[in-house]
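Worksheet: one structure, shown below.
Number of protein chains: 2
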Amino acid sequence: MSLRTIATIPVGVLALALTAQAAGADPAKLRQEVRAWRTAHEKEVVGELSGLLALRNVASDRADIQRNADHLLGMLRRRGFQARLLTAGDAPPAVYGEIPASGVAPGAKHTVVFYAHYDGQPADPADWGGADPWKPVLRTGAPGPDTKDVDLASAAAPLNPEWRLYARSASDDKGPIVAMLAALDALKAAGVKPAVNIKMFLEGEEEDGSTHLTSILQEHRDTLKADAWILADGPVHQTRKMQVVFGARGVMGLELTTYGPARALHSGHYGNWAPNPAALLVELLAGLRGPNGEIRIAGFEDDVRPLTESEKAAAAAMPPVEDALRQELAVGWTEGMMEGGTERLLERVMRPALNIRGLQSAQVGRGARNAIPTEATASIDFRLVPDQTPEKVRERTEAHIRSLGFHVVHEVPDLETRRTHAKVVLVRWDDGYAAARTSMDLPVSRAVIRAVDDMLGEPALRVPMLGGSVPVSMFVDTLNVPVITMPIVNHDNSQHAAHENLRLQNLWDGIEVFAALFTGLDW
Amino acid sequence: MSLRTIATIPVGVLALALTAQAAGADPAKLRQEVRAWRTAHEKEVVGELSGLLALRNVASDRADIQRNADHLLGMLRRRGFQARLLTAGDAPPAVYGEIPASGVAPGAKHTVVFYAHYDGQPADPADWGGADPWKPVLRTGAPGPDTKDVDLASAAAPLNPEWRLYARSASDDKGPIVAMLAALDALKAAGVKPAVNIKMFLEGEEEDGSTHLTSILQEHRDTLKADAWILADGPVHQTRKMQVVFGARGVMGLELTTYGPARALHSGHYGNWAPNPAALLVELLAGLRGPNGEIRIAGFEDDVRPLTESEKAAAAAMPPVEDALRQELAVGWTEGMMEGGTERLLERVMRPALNIRGLQSAQVGRGARNAIPTEATASIDFRLVPDQTPEKVRERTEAHIRSLGFHVVHEVPDLETRRTHAKVVLVRWDDGYAAARTSMDLPVSRAVIRAVDDMLGEPALRVPMLGGSVPVSMFVDTLNVPVITMPIVNHDNSQHAAHENLRLQNLWDGIEVFAALFTGLDW
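Chains as they are written, first to last, in our numbering: chain A, 13 to 535; chain B, 13 to 535.
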């Protein structure tokens with residue numbers, strides 16, 4: 013029975029009624045010991061993270077990725093991991109490590125793989141105010157005019173927990189890697205051994221669509237055998253509360269290019285005769301998605317699996333963040349609001365989404381010329397929910413594009429193709445992956461919630477599915493294993509954008525939570 | 013009575029029935045003499061044009077423009093012009109020259125101003141295959157894989173007339189300036205004096221919207237006093253036939269920017285909750301213009317003056333070019349065709365147009381990130397026809413944008429504005445100008461047609477209005493003078509785009525046509 017099937021069993025509202033049970037160690041004592049170690053080692057932890065962030069990590073640049081992988085191997089081996097690279101074909105390597113039996117508490121009966129990714133989104137220094145996104149800088153707070161640089165070497169410890177470390181991947185996802193390793197350092201200092209067998213799997217192409225992940229998982233199935241995977245990715249809740257996450261939306265990239273004349277034409281001499289590719293792109297995009305977020309692709313939502321009662325109850329229990337977010341983000345409306353539906357963020361991200369992530373045709377501003385462009389391109393990312401599949405999404409999207417009167421091609425069309433068809437569109441898909449939701453009522457799900465709640469001293473939020481994508485479905489489909497996500501980074505980390513940052517308090521909290529998971533999982 | 017009014021008098025189909033009358037000189041003999049001079053001086057003419065093209069000439073760069081103006085003063089003075097710069101306020105200077113009475117045939121009763129512009133559109137070397145657009149190169153033909161560079165210095169004369177000179181402004185509009193001056197050189201060599209008083213007016217900001225042209229014309233009204241203006245701009249007909257043009261569409265630039273969240277947001281965590289500025293831009297553009305060129309702005313065509321019978325007859329007599337153009341441009345359709353209307357190019361450009369000349373939001377291709385962009389921008393140029401005015405177009409467009417539910421601002425909105433309005437759009441207009449059409453039945457109109465036909469030995473085409481914009485309405489409105497356009501450059505010159513070029517045969521033809529106008533105007 014696949015996990016997908018398990019996850020659809022209705023389980024009522026039990027998820028919210030979970031209470032702490034006895035864990036392996038005294039959570040309060042453990043918290044005190046981990047915190048004491050961290051307070052004494054803050055600058056070393058930030059320094060180790062800075063060293064990792066200084067390595068460029070766009071997945072398409074293999075030489076950079078290899079440097080990251082080698083660096084991570086060293087970090088794991090220094091903690092006693094038996095570590096090596098896992099590859100499949102020409103995949104960017106995953107960094108793998110396991111703690112030998114001697115490093116784990118006797119009688120540990122379960123094995124858990126802890127996952128993070130070390131590659132990052134592309135970044136343009138022009139967007140970062142000219143700063144190199146791979147030169148980490150410690151600053152006094154969130155991005156803003158009053159925020160100043162701090163010199164780590166000369167800063168007095170303890171560091172101000174509101175300070176933030178700025179660099180590509182500070183939060184997404186190198187910070188969590190360092191939090192996990194620091195948690196192991198803290199446990200070692202406290203003389204506490206992990207209560208589960210720990211394997212670590214650090215992916216190198218998550219931000220590039222995890223193209224090879226399934227192959228790597230298949231090829232190294234035995235190495236990766238485990239009772240559960242815990243993913244260290246994504247942000248904490250907008251209220252800064254910790255949350256345990258049971259799924260994630262899937263993602264697919266799509267690029268659409270429409271064509272005008274073979275050469276740019278004077279818009280006076282040929283305007284409203286020669287086809288305008290930007291106007292065609294507008295027509296096409298308007299046919300795919302409305303301004304209120306509504307997806308107009310016929311049949312697109314046919315495969316959407318409804319939420320269970322537990323999932324609905326957990327979603328409804330989330331604290332309201334919408335008013336504060338609208339204020340912070342300076343938006344006068346949200347898409348759900350405008351179509352007369354919900355404006356609750358979590359309810360909105362339980363649905364599939366079509367995001368226009370980029371538009372390009374000729375030039376705007378001072379470089380604009382009075383010409384009909386030769387082509388226009390839109391870059392799109394879809395967010396999928398269970399049980400949509402990339403295959404079905406591709407199929408329905410292309411059928412819909414054809415129904416709008418476009419001739420779909422998958423390779424750059426030659427001039428003869430452009431001559432013989434009225435509206436040609438080049439459709440290019442990135443490899444994507446499906447969404448997944450793990451049941452909140454599995455024994456391991458309850459154990460994770462219990463360990464986290466015990467360490468925090470209060471209940472964490474439970475999120476049925478994260479809006480952001482991590483390749484949960486690949487683990488579930490390939491390994492048939494429960495997957496739970498444990499985010500630690502600040503929600504306002506500018507993930508995927510300029511000025512990505514990690515708030516130090518989130519790094520400290522992450523060390524404590526991972527220490528709890530390493531030692532407190534009992535099921 | 014203004015020229016605008018004159019132009020609306022119905023005159024039947026007389027325009028097509030015009031026949032050659034006796035001009036001042038024997039056209040065949042003059043043609044022979046001009047051609048003989050040109051054949052002996054081809055390399056000098058191309059060399060002089062190359063020298064002019066080597067000067068960067070984007071209107072916004074005043075230092076570059078000044079260098080062009082100084083260079084042109086020298087070129088005029090070497091031909092005996094009394095030349096100086098005309099300015100108004102901080103306008104880029106117009107270069108002005110007049111031939112003193114001693115240089116003109118005795119008894120010349122009319123004065124004609126010959127106009128061209130010396131500034132050019134911006135150009136990006138990246139679009140020119142890395143070549144500097146201001147480093148002229150002589151090549152063996154139209155852009156293509158078999159076209160080779162030619163070294164002018166070592167080329168044998170006569171030059172192959174199918175060769176082309178490549179550079180920004182080779183055709184638009186420095187080539188015609190050199191053609192006019194070479195025509196004067198040829199006349200001088202033949203001992204023939206111009207039959208009209210010649211004034212030359214070379215504008216320095218036509219490609220930047222002719223912002224200051226009206227001021228310059230007003231301030232120098234007495235200097236510029238004349239019986240007619242002849243504009244040397246625009247291309248010959250697509251069949252390579254010469255055409256005399258009696259008007260031009262107007263132009264206006266518009267830039268629209270829509271807003272999303274104040275910072276780029278992870279499209280997974282916020283996708284289909286936070287407003288997407290690219291989707292808003294798509295909605296807005298789809299509300300302004302359809303993919304078939306139809307303008308959806310309410311009342312936009314209310315002020316369109318119908319064509320007269322002469323104008324309709326002249327338009328109908330234009331040779332069909334559409335099939336060949338579609339083949340050459342590799343387009344499988346044209347906008348008129350798709351909406352069930354005409355596919356005749358000239359009929360289409362008799363109407364107003366809305367061209368999307370650029371789109372920009374975040375990035376596409378390898379730089380695309382899974383984020384909701386903060387803003388999206390479209391750059392638009394309108395083409396106006398008589399009697400639309402820029403004021404009315406602005407007014408109706410903004411009213412229409414508001415009717416689509418957008419909050420219009422004219423300065424970059426602050427965050428509070430973005431918080432308190434659902435859909436904010438920044439609307440920025442370039443200064444533009446109206447269209448104009450001069451009657452084809454004025455005495456001067458007939459004289460121009462006669463002189464050109466005589467020199468060619470066959471009737472030139474007559475075009476009621478050019479699709480492209482030259483600031484005809486500014487001359488008409490400011491000086492109340494008939495304005496006729498005499499294009500000479502090849503239609504496939506990649507004007508306003510990369511690889512702009514001038515075919516040598518067009519330069520040679522231009523020299524003969526201007527020699528005819530200088531000596532043959534008799535009314």
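C-beta: ideal position from N, C-alpha, C; glycine also.
Measure the C-alpha to C-alpha separation of residue i and residue j and round it to an integer number of angstroms.
{"i": "Pro494 of chain A", "j": "Ile523 of chain A", "result": "23 Å"}
{"i": "Thr31 of chain A", "j": "Val456 of chain A", "result": "Residue confidence for Thr31 of chain A is low, a pLDDT of 31 falling below 50, so the modelled location carries little weight and cannot support an answer."}
{"i": "Thr432 of chain A", "j": "Leu341 of chain B", "result": "12 Å"}
{"i": "Arg363 of chain B", "j": "Ala459 of chain B", "result": "28 Å"}
{"i": "Ala71 of chain B", "j": "Met192 of chain B", "result": "22 Å"}
{"i": "Gly265 of chain B", "j": "Pro425 of chain B", "result": "20 Å"}
{"i": "Glu267 of chain A", "j": "Met477 of chain B", "result": "40 Å"}
{"i": "Gly348 of chain A", "j": "Gly379 of chain A", "result": "36 Å"}
{"i": "Pro148 of chain A", "j": "Asp161 of chain A", "result": "11 Å"}
{"i": "Pro134 of chain B", "j": "Asp220 of chain B", "result": "9 Å"}
{"i": "Pro247 of chain B", "j": "Phe213 of chain B", "result": "19 Å"}
{"i": "Ala138 of chain A", "j": "His508 of chain A", "result": "15 Å"}
{"i": "Ile228 of chain A", "j": "Gly272 of chain B", "result": "38 Å"}
Can the beta-carbon of residue i be found closer than 8 Å to that of residue j?
{"i": "Val482 of chain B", "j": "Leu296 of chain B", "result": "no"}
{"i": "Ile242 of chain A", "j": "Val124 of chain A", "result": "yes"}
{"i": "Val475 of chain B", "j": "Val257 of chain B", "result": "yes"}
{"i": "Pro398 of chain A", "j": "Ala365 of chain A", "result": "no"}
{"i": "Asp38 of chain A", "j": "His129 of chain A", "result": "no"}
{"i": "Leu427 of chain B", "j": "Ala179 of chain B", "result": "no"}
{"i": "Arg261 of chain B", "j": "Arg395 of chain B", "result": "yes"}
{"i": "Leu225 of chain B", "j": "Glu215 of chain B", "result": "yes"}
{"i": "Glu512 of chain A", "j": "Ala66 of chain A", "result": "no"}
{"i": "Pro471 of chain B", "j": "Gln255 of chain B", "result": "no"}
{"i": "Gly383 of chain A", "j": "Leu371 of chain A", "result": "Residue identity check: residue 383 of chain A is Ala in the sequence provided, not Gly. Not closer than 8 Å, so no."}
{"i": "Leu529 of chain B", "j": "His249 of chain B", "result": "no"}
{"i": "Glu110 of chain B", "j": "Lys211 of chain B", "result": "yes"}
Which partner residues does residue i have in the DSSP bridge list?
{"i": "Thr270 of chain B", "result": "B:Ala388, B:Val437"}
{"i": "Lys211 of chain A", "result": "A:Glu110, A:Val125"}
{"i": "Tyr178 of chain B", "result": "B:Val149, B:Asn513"}
{"i": "Leu473 of chain B", "result": "B:Gln255"}
{"i": "Ile307 of chain B", "result": "B:Arg301"}
{"i": "Val263 of chain B", "result": "B:Arg395, B:Tyr445"}
{"i": "Val70 of chain B", "result": "B:Gly132"}
{"i": "Arg431 of chain A", "result": "Per DSSP, none; premise fails for Arg431 of chain A."}
{"i": "Pro247 of chain B", "result": "B:Val501"}
Does the ligand ADP have even one heavy atom less than 7 Å from the beta-carbon of residue i?
{"i": "Asp442 of chain B", "result": "In the structure shown, the ligand ADP is absent, as is every other ligand, since no ligand is present at all."}
Enumerate in chain order the residues of its own chain whose CB-to-CB distance from residue i is below 7 Å, with the five nearest sequence positions on each side excluded.
{"i": "Arg89 of chain B", "result": "Ala95"}
{"i": "Thr223 of chain B", "result": "Glu217, Asp443"}
{"i": "Arg68 of chain B", "result": "Asp76, Trp146"}
Could you pull out every residue in the same chain whose Cβ sits closer than 8 Å to the Cβ of residue i, ignoring the five residues on either side in sequence?
{"i": "Gln230 of chain B", "result": "Ala100, Thr490"}
{"i": "Val57 of chain A", "result": "Arg50, Val190, Ala194, Leu519, Ile523"}
{"i": "Ser415 of chain B", "result": "Ala310"}
{"i": "Asp335 of chain A", "result": "none"}
Short of 6 Å in beta carbon distance, which residues of its chain neighbour residue i, apart from the five on each side in sequence? Order them along the chain.
{"i": "Arg515 of chain B", "result": "Arg176, Asn502"}
{"i": "Ala202 of chain B", "result": "Glu45"}
{"i": "Arg317 of chain A", "result": "Pro398, Asp399"}
{"i": "Thr270 of chain B", "result": "Pro289, Leu292, Leu293, Ala388, Val437"}
{"i": "Asn80 of chain A", "result": "Leu67, Asn69, Tyr130"}
Legend entry - Positions along the stretch 267 to 279 of chain B whose CB lies within less than 9 Å of some CB in chain A: Within the stretch 267 to 279 of chain B, the residues whose Cβ lies closer than 9 Å to some Cβ of chain A are Glu267, Thr269, Tyr271, Gly272, Pro273, Ala274, Arg275, Ala276, Leu277, His278, Ser279, listed in chain order.
Legend entry - Selection of the stretch 419 to 442 of chain B by Cβ proximity to chain A, strictly under 7 Å: Of all residues in the stretch 419 to 442 of chain B, those with a C-beta nearer than 7 Å to a C-beta of chain A are Leu427, Arg430, Arg431, Thr432, His433, Ala434, reading in chain order.
Inset, instruction - Closer than 8 Å, Cβ to Cβ, to anything on chain B: give me those residues from the stretch 289 to 309 of chain A, in chain order. - result: Answer in chain order: Ala290, Ala291, Leu292, Leu293, Val294, Glu295, Leu297, Ala298, Arg301, Gly302, Pro303, Gly305.
Legend entry - Under 9 Å (Cβ pairs) to chain B, residues found in the stretch 332 to 355 of chain A: When C-beta distances to chain B are compared with 9 Å, the residues of the stretch 332 to 355 of chain A below that value are Glu334, Leu337, Arg338, Gln339, Glu340, Leu341, Ala342, Val343, Gly344, Trp345, Thr346, Glu347, Gly348, Met349, Met350, Glu355, in chain order.
Inset, instruction - Residues of the stretch 376 to 389 of chain B with a CB closer than 9 Å to any CB of chain A: list them in chain order, please. - result: Here the close residues are Val376, Gly377, Arg378, Gly379, Ala380, Arg381, Asn382, Ala383, Ile384, Pro385, Thr386, Ala388, Thr389.
Inset, instruction - With 9 Å as the limit, tell me which residues of the stretch 123 to 150 of chain A have their beta carbon closer than that to any beta carbon of chain B; keep them in chain order. - result: Those would be Gln133, Pro134, Ala135, Asp136, Asp139, in chain order.
Legend entry - Where the stretch 392 to 404 of chain B meets chain A: residues whose CB sits under 8 Å from a CB there: Hits within the stretch, in order: Asp393, Arg395.
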